[in-house]
Amino acid sequence: MVFMAALARLLIAHRLPALCCFFEFLFSRTKGFLKTEKAIGRADLFKKLSEKEIHAVIIDDKLDGNETGTLINKIKLEYMHCKIIILASCLQPEYIAGLMHTQAEGYIYEGTNEKSIKKGIFEVLEGNKHLCPAITAVVTSGNIPVPDKNIIEKKLELTDKEKCVYTMKVQQKSLDEISTAMGIAMSTTKQHSASVLQKVVHAGFINETDCYLKTGYLPKVDIVKKSEKRGDNEDKGK
Numbered sequence: 002m003v004f005m006a007a008l009a010r011l012l013i014a015h016r017l018p019a020l021c022c023f024f025e026f027l028f029s030r031t032k033g034f035l036k037t038e039k040a041i042g043r044a045d046l047f048k049k050l051s052e053k054e055i056h057a058v059i060i061d062d063k064l065d066g067n068e069t070g071t072l073i074n075k076i077k078l079e080y081m082h083c084k085i086i087i088l089a090s091c092l093q094p095e096y097i098a099g100l101m102h103t104q105a106e107g108y109i110y111e112g113t114n115e116k117s118i119k120k121g122i123f124e125v126l127e128g129n130k131h132l133c134p135a136i137t138a139v140v141t142s143g144n145i146p147v148p149d150k151n152i153i154e155k156k157l158e159l160t161d162k163e164k165c166v167y168t169m170k171v172q173q174k175s176l177d178e179i180s181t182a183m184g185i186a187m188s189t190t191k192q193h194s195a196s197v198l199q200k201v202v203h204a205g206f207i208n209e210t211d212c213y214l215k216t217g218y219l220p221k222v223d224i225v226k227k228s229e230k231r232g233d234n235e236d237k238g239k
């Protein structure tokens, strides 16, 4: 979902109140931004997200200690249309590589000048991915591997139907809802569900949600009921 910057509501989430206020002041002076909010810490972040429609979150990479990547994926799971821009505190190749495994749309170094920060925010709100020049230089230096979601996909080796089940379980759908959505029997749904969980656990995760939160892996699936497919084939045969 793309938002015009003039209609955007931004949430600045930072562990340091002073920097949170600085970014709020920075964006308040930028024409086109309708409203900015600030959140100090994880609890305040989710409180603001639940209270108001937030279009984008500018999040401190240390907001949740070393678990910020998992925090970002959790936000994307619960508020899928919300854009995420990470404020990176350092440019070490290994550190940037870790940030790149999240579901964020924007990556900005905290030392970037005001003009570049504003440009990056606008690009993300317009539906584009953004890496600031400093982070782009690190990524293209050849010193870090660019994250590839195909790696986890190959590791799990899910069938097309299992990908549908995996995705809906990550979305907290019940087995009954999955059975209805896919147009398959409950017994078949349970078989697919058990197979997915077995593969996920074998790959080193607790369950499907744990896999998503740690890797950001969520396959794009087109869930079509068996009955709908059958109807299409019958129409073609007429």
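This note's numbering puts the first residue of the sequence shown at 2, with every later residue one more than the last.
Quick reminder that beta carbons are idealized off the backbone N, C-alpha and C, glycines included.
For residue j and residue i, believed in contact at Cβ under 8 Å, the rounded distance
i      : j      : result
Ile153 : Val166 : Not a contact, Cβ separation roughly 16 Å.
Ile85  : Gln104 : 7 Å
Tyr213 : Asn74  : 6 Å
Leu12  : Ile55  : 5 Å
Beta-bridge pairing of residue i - partner residues as DSSP gives them
i      : result
Gly107 : Ile86 and His131
Thr50  : Note that residue 50 corresponds to Leu in the displayed sequence, not to Thr. Beta-bridge pairing links Leu50 to no other residue.
His15  : Ile41
Asp61  : Leu88
Lys36  : Arg10
Nearest to residue i (by Cα), restricted to the options the options
i      : options                           : result
Ile97  : Val140, Ile59, His82 and Ala57    : Val140
Lys164 : Val222, Lys53, Ile136 and His102  : Val222
Gln199 : Leu176, Leu157, Ala182 and Met169 : Leu157
Cys133 : Tyr108, Asn151 and Val125         : Tyr108
Asp61  : Ala138, Val171 and Cys91          : Cys91
Gly42  : Gly66, Phe23 and Glu25            : Gly66
Lys49  : Val201, Leu126 and Tyr80          : Tyr80
Leu100 : Leu72, Leu126, Ala19 and Ile122   : Leu72
Ser117 : Thr210, Leu27 and Glu52           : Leu27
Cys83  : Glu209, Lys174, Leu64 and Ile122  : Ile122
His203 : Ala182, Leu159 and Gln173         : Leu159
Ser196 : Ala186, Ile185, Glu209 and Gly184 : Glu209
Asn151 : Asp45, Thr216 and Gly205          : Thr216
Gln192 : Lys120, Lys162 and Lys119         : Lys162
Ala135 : Lys174, Gln93, Val125 and Lys155  : Gln93
Check whether residue i and residue j have beta carbons under 8 Å apart
i      : j      : result
Ala40  : Ala9   : no
Leu219 : Thr137 : no
His102 : Gly70  : yes
Ser142 : Lys170 : no
Thr189 : Leu176 : no
Phe24  : Ile59  : yes
Glu68  : Lys53  : no
Leu78  : His15  : no
Phe111 : His131 : A small correction: the amino acid at residue 111 is Glu; Phe does not occupy that position in the sequence shown. No, these two residues do not count as a Cβ contact at 8 Å.
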